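Heads up: the structure comes next, in structure tokens.
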Amino acid sequence: MAEVHLDCLGEACPVPLIKTQNKLNQLNVGDILIVEIDHSCAMKNVPEWARKEGYSVEIEEIEEGHWYIYIEKNK
Amino acid sequence: MEQPQASLKSRVHTVTAKPSVKKKNQLGYGIALLAAIILFGVFLSNIKAPLAIRWMLGIALGFVLQRSRFCFTAATRDPFLTGSTSLLRAVLIAIMIATVGFAAIQYNAFSAGKPVPGNISPVGIHTIIGGIIFGIGAVIAGGCASGTLMRVGEAYIMNMIALVFFIAGSALGAYHFGWWKANVIKNAPSIFLPNVLGWPLAFFGQLVLLFALYWLALWWDYRKAE
Chain L
6 MAEVHLDCLG
16 EACPVPLIKT
26 QNKLNQLNVG
36 DILIVEIDHS
46 CAMKNVPEWA
56 RKEGYSVEIE
66 EIEEGHWYIY
76 IEKNK
Chain X
5 MEQPQASLKS
15 RVHTVTAKPS
25 VKKKNQLGYG
35 IALLAAIILF
45 GVFLSNIKAP
55 LAIRWMLGIA
65 LGFVLQRSRF
75 CFTAATRDPF
85 LTGSTSLLRA
95 VLIAIMIATV
105 GFAAIQYNAF
115 SAGKPVPGNI
125 SPVGIHTIIG
135 GIIFGIGAVI
145 AGGCASGTLM
155 RVGEAYIMNM
165 IALVFFIAGS
175 ALGAYHFGWW
185 KANVIKNAPS
195 IFLPNVLGWP
205 LAFFGQLVLL
215 FALYWLALWW
225 DYRKAE
């Protein structure tokens, strides 16, 4: 049950999503990935993709324009 | 649906960077901005009514773009990158609505014997080359035209830099467009579909084609889920 932090601060639009996809592939079932973003588009496409894959997703805005996306690799 | 256990983030232990500062309440700024928008609209309407209409339409469009994350770049990219076609379908619906509206305006002008309004531009290999150059630029700048404008409003510094060069590039393009028009584009035909196919076939054909694309996009989206 590892918790992995992925830093995507300052990355332009599709990059956080691609990094998230690659990182999730390396993780084991049960692990939680925390993606740190400051791009509002990643706020939409990362959770949308992850939910479609069937993972549990939660978003937290830790300060203005700065979010954590929690993704649990549950399968 | 199974009952969700404790929320994901409460099960996470490694997050220590909790916000030290309370989030600012931005309600005051919002009300001030709304008042400023309305006052500037009133000011514009005193000069010329259409200016105020454009001002309000621009604000409304920007708001919708920002809230919906409507993005033309993502619309054409996501089907290949993530298999999601929600934005592509939104764009297709937008084009369908625009088709009906533009056809009404253009047919109205055509029936009255006036020149047909609209940007009916020459099409050719230069369209494809221009599209590829634009696509490369959009990737480097982190947004297409509407996305760049919207993100300047969201205060992304990268897009502010992009906007400066976006304006510089557009001005440069407009400046030497005459040369390209005289030397490169001059033999390219301007195709207006109703002139080629007739009005009914052009109009309904375009709608049928768009519906077919919509259906294809929907199939592409759900093909994995089945």
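Taken in order, these protein sequences are the chains called L and X.
When we follow our numbering, the leftmost residue of the first sequence carries the number 6, and every step to the right adds one.
When we follow our numbering, the leftmost residue of the second sequence carries the number 5, and every step to the right adds one.
Virtual Cβ for every residue (Gly too), placed ideally from N, Cα, C.
Since we're looking at a predicted model, the values are computed, not measured.
Close partners of L/W54 in chain X (Cβ separation under 7 Å): T86, S88. Only buried fits X/L12, as 16 or more other CB atoms lie within 10 angstroms of its CB.
Between X/A142 and X/F207, the gap from beta carbon to beta carbon reaches 8 Å or more. Residue pairing by DSSP puts L/E66 in a beta bridge opposite L/W72. Taken through DSSP and simplified to helix, strand or coil, X/I140 comes out as helix. For X/P83, the secondary structure class from DSSP, reduced to helix, strand or coil, is helix. Annotation: Cβ neighbours of X/R73 in chain L (cutoff 9 Å, chain order): S45, C46, M48, K49, N50.
Within the DSSP secondary-structure output, L/H10 pairs in a beta bridge with L/I39.
Distance check between X/F215 and each of X/A53, X/L96, X/V168 places X/L96 closest, using alpha-carbon atoms only. Counting other Cβ atoms within 10 Å of its Cβ, X/T77 reaches 16 or more and is therefore classed as buried.
For L/L22, the chain X residues whose Cβ falls inside 8 Å of its Cβ are L85, T86, in order along the chain. For X/R227, none of the residues of chain L pass the 8 Å Cβ criterion, the least Cβ distance being about 12 Å. Contact between the segment 186-193 of chain X and the segment 127-145 of chain X is present: 3 or more CB-CB pairs across the two stretches fall below 8 Å. Contact between L/I23 and L/M48 does not hold, since their C-beta atoms are separated by about 16 Å, which reaches or exceeds 8 Å. In the three-state scheme derived from DSSP, where H, G and I count as helix and E and B as strand, X/P126 is classed as strand.
Excluding its 5 nearest sequence neighbours in each direction, X/A79 has C-beta neighbours in its own chain below 8 Å: L91, L92, A94, V95, listed in chain order.
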